[in-house]
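If you're matching positions, the sequence shown starts at 155 in the working numbering and goes up one per residue.
We put the CB at the ideal spot given by N, CA and C, even for glycine.
Structure, as structure tokens:
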Amino acid sequence: MPGTKEVSSTGDHLEIKDSRTGKSYTVQITDDTIRTADLKQIKVNADDFGIMGYDPAFMNTASCRSAITFIDGDKGILRYRGYPIDQLAGKADFLEVAWLLRHGELPTQAEYDQWVQDVTYHTYVHENIKHFMEGFRYDAHPMSMLCASVAALSSFYPTSKDIFDEHERDIAFVRLIAKLPTLAAFAYRHVKGMPYVYPDNSLPYAENFLSMIARMSEPKYEAHPVYARAIDILFILHADHEQNCSTNAVRAVGSSHVDPYSAVAAGIAALYGPLHGGANEAVLRMLQEIGHVKNIPAFIADVKSGKGEKRLMGFGHRVYKSYDPRAKIVKALCDDVLKVAGMSHDMEIALELERIALSDEYFISRKLYPNVDFYTGLIYRAMHFPTDYFTVLFAIARTAGWLSQWEEMLLDKEQKIARPRQIYTGHAERPYKPTLDYKHKITK
Ligand code: CMC
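The structure is reproduced here in structure tokens:
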């Protein structure tokens, strides 16, 4: 599956002949796509609803037109607003990329300075949010805490419900980008049983986040520059990935015109699932299961004979059928981080595993290459983040993409409340015959 299509209008048509009636229909093809609503004209009789498209999991259905992120999975291309991901990761910072995703153009110096200033001065959360966090059990999953606290922000900013007011959207964008690291850090400290650290607004975005994570009694925390840059680059790489599960959740929930905090909380809930945000955790567990480089051939043989039951985690992708462009960047980043943190046992196994898999016919013929998650977990582990915290880091970054996609959906005149059709497979009408003895119920 190639992923998104770059827009081209061919003016071509699809000719469809309905064998039930012998009638022929013409359906326009635009951007290599037909509108499934055009199939509704194909009916057996006037009362018929018309032909629907059936596409569980949206395997071949575009739900929107989007100008934000372009992916070509066969060629290993990922671009935000036209800019290649490697150039952004190499030269930009996360806040610049967040601005780009939303506004479609790189900020001017004045716009960037104002944006950084706004984000920096909205990092604090209401003290009641802190007390709300304190209510979680000591072993609460940080994604649960993040999801609930972002949903709770909605109750602190009731005017954010005015979603067609541009000022309200601006301030919600600032608040969410600014407060996600604070909430994420509070969740981290809560699980560790450590006092929450307030934001230090003299620090840049990634450094401030690391300060809220790691600061103890020192008056000022200075993150290692390699770690701060690694976090910023990982935030850039995870900032958007077109219509994935959580983005689709944000768009669908947002299409009911709920406020953006509630829509983003829906995205966090979707990301929490192990099939979406949890793969980097699975990579680390797999490396620990392998345990030693000498066990790799046996593990690979197991994967190959397992007929898909046992998988090489961090390999393969629904869209990328060549090297995930993000994985190349993360691998280089991992080298930098490990130069500071020290080569890890897990990294030795990962490198050898990758070498063997990339020269093995099983993986080559199925176009299974390392994806972004193969190395991210190693970086997070080297920086001492607990495994169940990895998805939280992903969520901070993806908030930029979620909000950009949410706003694009809101301003798209073609969009309505998301409401799929179904093919009903249940009973035909049947009479109700009581099977319970409802003593309290007066029946006639
Ligand atoms: N290890 C071994 N075999 C695999 C793997 C793997 N990681 N991935 C796919 N295959 C095999 C699969 O068994 C099947 O073989 P066959 O044709 O003989 O039945 C073939 O490759 C095609 O697999 P598929 O399940 O049809 O492919 P998919 O596009 O539905 O799955 C995937 C994509 C990412 C779910 C899958 O590759 C996988 O489970 N990978 C491991 C988990 C992982 O790393 N996930 C992170 C994805 S990146 C996160 C992000 O972008 O947000």
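Where do the ends of the beta strand (DSSP E) carrying residue i lie?
| i | result |
| --- | --- |
| Lys171 | 166 to 171 |
From which residue to which residue does the alpha helix (DSSP H) around residue i run?
| i | result |
| --- | --- |
| Phe286 | 281 to 288 |
| Gln182 | From DSSP, Gln182 is part of no alpha helix (DSSP H) but of the beta strand (DSSP E) over 178 to 183. |
| Leu357 | Premise fails: Leu357 is in no alpha helix (DSSP H) and is neither H nor E. |
| Asn402 | 399 to 408 |
| Leu429 | First-last for Leu429: undefined, no H or E at that position. |
| Asp489 | 479 to 495 |
| Ala243 | 239 to 245 |
| Asn434 | 433 to 444 |
| Asp201 | Unbroken run through Asp201: none, as it is neither H nor E. |
| Ala339 | 320 to 346 |
| Phe248 | 248 to 257 |
| Tyr266 | 263 to 274 |
List the whole-angstrom C-beta distance separating residue i from residue j, where the pair is believed to meet the contact cut-off of C-beta under 8 Å.
| i | j | result |
| --- | --- | --- |
| Leu300 | Gly408 | Contact flag wrong, Cβ pair sits at about 18 Å. |
| Thr545 | Gly431 | 4 Å |
| Asp247 | Val380 | Not really, about 15 Å apart at Cβ, beyond 8 Å. |
| Glu396 | Ser220 | 7 Å |
| Thr401 | Gln559 | 5 Å |
| Asn525 | Ala481 | 6 Å |
| Leu364 | Ala554 | Not confirmed; about 19 Å, so no contact. |
| Met287 | His378 | Contact doesn't hold; Cβ gap of about 27 Å is too wide. |
| Glu561 | Arg323 | 6 Å |
| Ile183 | Asp209 | 17 Å between Cβ atoms; not a contact. |
| Asp527 | Asn434 | 4 Å |
| Ala264 | Ile331 | In fact, because the Cβ distance is near 19 Å, the residues do not count as touching under 8 Å. |
| Ile222 | Asp394 | 6 Å |
From the DSSP output, in three-state form, read off residue i for me.
| i | result |
| --- | --- |
| Asp226 | strand |
| Tyr234 | strand |
| Pro524 | strand |
| Val389 | According to the sequence as given, residue 389 is Phe; it is not Val. Of the three classes helix, strand and coil, the one that applies to Phe389 here is helix, per DSSP. |
| Phe469 | strand |
| Thr600 | Here the chain comprises residues numbered 155 to 598, so residue 600 is not present and cannot be evaluated. |
| Ser513 | coil |
| Ile518 | helix |
| Ala582 | coil |
| Asp209 | coil |
| Met297 | helix |
| His499 | helix |
| Ile550 | helix |
| Ser558 | helix |
| Thr530 | helix |
| Ala631 | Outside the shown range of the chain, which is 155 to 598, sits residue 631, and nothing can be said about it. |
| Thr175 | coil |
| Ser459 | helix |
| Phe310 | helix |
| Arg383 | helix |
| Lys194 | helix |
| Ser371 | coil |
| Leu505 | helix |
| Val304 | helix |
| Leu260 | coil |
| Val351 | coil |
| Ala536 | helix |
Can you give me the C-alpha to C-alpha distance between residue i and residue j, rounded to a whole angstrom?
| i | j | result |
| --- | --- | --- |
| Asp172 | Ser178 | 6 Å |
| Leu388 | Arg535 | 14 Å |
| Ile188 | Ala216 | 10 Å |
| Ala326 | Ala384 | 27 Å |
| Lys593 | Tyr586 | 18 Å |
| Arg552 | Ala424 | 12 Å |
| Tyr266 | Tyr359 | 13 Å |
| Ser108 | Ala294 | The displayed coordinates of the chain run from 155 to 598. Any statement about residue 108 would go beyond what the structure contains. |
| Cys399 | Asp591 | 44 Å |
| Val404 | Gly176 | 42 Å |
| Asp316 | Val412 | 9 Å |
| Thr262 | Gln268 | 10 Å |
| Ile518 | Gly470 | 11 Å |
| Asp272 | Tyr578 | 50 Å |
| Pro296 | Ala549 | 11 Å |
| Val270 | Tyr234 | 20 Å |
| Lys229 | Tyr278 | 42 Å |
| Val351 | Arg369 | 7 Å |
| His321 | His276 | 15 Å |
Per DSSP, which one or two residues make a beta bridge with residue i?
| i | result |
| --- | --- |
| Thr545 | Its beta-bridge partners do not exist; DSSP assigns none. |
| Phe363 | In the DSSP output, where bridge partners are listed per residue, Phe363 has none listed. |
| Phe453 | For Phe453, which the question treats as bridged, DSSP gives no partner whatsoever. |
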